[in-house]
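Below is one structure, written out as structure tokens; the observations come after it.
Residue numbers (our numbering): 80 to 313.
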């Protein structure tokens with residue numbers, strides 16, 4: 080595939096994910112802040128040096144490009160991981176050792192933790208019966224960490240190396256309380272409320288944004304009704 084084969088005016092300028100294809104086969108999947116700019120970058124003369132000979136070969140072997148637009152870069156990051164898991168493109172799996180991909184682990188505990196782990200760490204650090212949800216693979220670990228920082232501003236979660244329970248050491252308890260004060264962790268150990276937070280995070284990583292928005296809308300309306308009820312009783 081060459082630069083002249085692509086009509087860049089048809090490629091959206093917003094965020095999303097793109098697919099390099101050979102017929103019906105998907106060779107490579109990537110994410111972008113600007114799909115148009117990102118796709119253009121694959122047709123530079125020094126692509127092999129900038130990326131890798133493998134990526135250059137994938138582009139050369141491709142017959143066409145398709146894409147999926149998203150509402151945000153965060154949506155693109157999550158959708159990219161979902162599509163890579165579904166299709167397992169050669170360009171993605173061969174470009175990077177599977178064991179170096181990052182995953183998001185939601186632990187199966189009273190107060191589930193949301194953690195990042197490498198493929199090679201999963202079996203040793205997280206027995207299968209201790210994992211409630213597993214999302215990935217995410218090719219860019221740094222981008223994933225940045226995304227989780229954004230997510231926790233909306234949905235504060237625990238990401239400690241130790242379980243959140245009554246068996247915590249005093250040092251761990253102090254660490255937890257400090258992070259609660261600065262807003263990284265949930266302010267209260269409310270199991271029911273925290274499970275809702277985890278459910279919302281799971282919906283986000285399952286790329287079920289519409290369901291998440293409906294859930295949040297329902298919770299906001301419920302909170303508004305309860306507030307009005309309380310005000311009426313004053």
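The beta-carbon is built from N, C-alpha and C at its ideal position, and this holds for glycine as well.
Helix, strand or coil for residue i, going by three-state DSSP, please let me know.
| i | result |
| --- | --- |
| residue 107 | strand |
| residue 168 | coil |
| residue 197 | strand |
| residue 308 | Since pLDDT at residue 308 reaches only 49, below the 50 mark, its modelled position is unreliable, and the value read off the structure follows with that caveat. Residue state, collapsed to three classes: helix. |
| residue 186 | strand |
| residue 99 | strand |
| residue 287 | coil |
| residue 87 | helix |
| residue 115 | helix |
| residue 181 | strand |
| residue 163 | helix |
Could you check where the alpha helix (DSSP H) with residue i kicks off and where it finishes?
| i | result |
| --- | --- |
| residue 276 | 270-284 |
| residue 257 | 249-260 |
| residue 140 | 132-140 |
| residue 266 | Element bounds for residue 266: n/a, residue is neither H nor E. |
| residue 221 | 220-233 |
Between which residues of its own chain and residue i is the CB-CB distance below 7 Å, once the five residues before and five after are set aside?
| i | result |
| --- | --- |
| residue 80 | 138, 139, 141 and 142 |
| residue 191 | 185, 211 and 277 |
| residue 168 | 105, 106, 107 and 108 |
| residue 224 | 195 |
| residue 151 | 94 |
Take residue i and list the residues in its own chain whose beta-carbon comes closer than 6 Å to its own, dropping the five residues that flank it on each side.
| i | result |
| --- | --- |
| residue 146 | 95, 97 and 114 |
| residue 315 | As displayed, the chain neither begins before 80 nor continues past 313, which places residue 315 out of reach and without an answer. |
| residue 259 | 266 |
| residue 88 | none |
List the endpoints of the continuous beta strand (DSSP E) containing residue i.
| i | result |
| --- | --- |
| residue 211 | 210-217 |
| residue 149 | Looking at the DSSP string, residue 149 is not in any beta strand (DSSP E), and its letter there is neither H nor E. |
| residue 243 | Neither: residue 243 is in no beta strand (DSSP E) and is coded neither H nor E. |
By Cβ distance below 8 Å, which residues in the same chain neighbour residue i in space, the five residues on each side in sequence not counted?
| i | result |
| --- | --- |
| residue 148 | 91, 93, 94, 95 and 114 |
| residue 166 | 105 and 108 |
| residue 247 | 241 and 255 |
| residue 24 | Outside the shown range of the chain, which is 80 to 313, sits residue 24, and nothing can be said about it. |
| residue 204 | 196 |
| residue 217 | 156, 159, 160, 180, 181, 182, 183 and 223 |
Taking its Cβ as the centre, do 16 or more other Cβ atoms sit within 10 Å of residue i, making it buried, or is it exposed?
| i | result |
| --- | --- |
| residue 154 | buried |
| residue 312 | Its pLDDT being 47, under 50, residue 312 is placed unreliably by the model, and nothing is read from it. |
| residue 290 | exposed |
| residue 112 | exposed |
| residue 226 | buried |
| residue 314 | Any question about residue 314 goes unanswered here, given that the chain covers just 80 to 313. |
| residue 221 | exposed |
| residue 292 | exposed |
| residue 160 | buried |
| residue 340 | Residue numbering for the chain in the displayed model covers 80 to 313; residue 340 lies beyond these limits and cannot be assessed. |
| residue 128 | exposed |
| residue 181 | buried |
| residue 214 | buried |
| residue 229 | exposed |
| residue 189 | exposed |
Legend entry - contact_flag[the region 233-248, the region 271-287] where n(CB pairs < 8 Å) is 3 or more: yes
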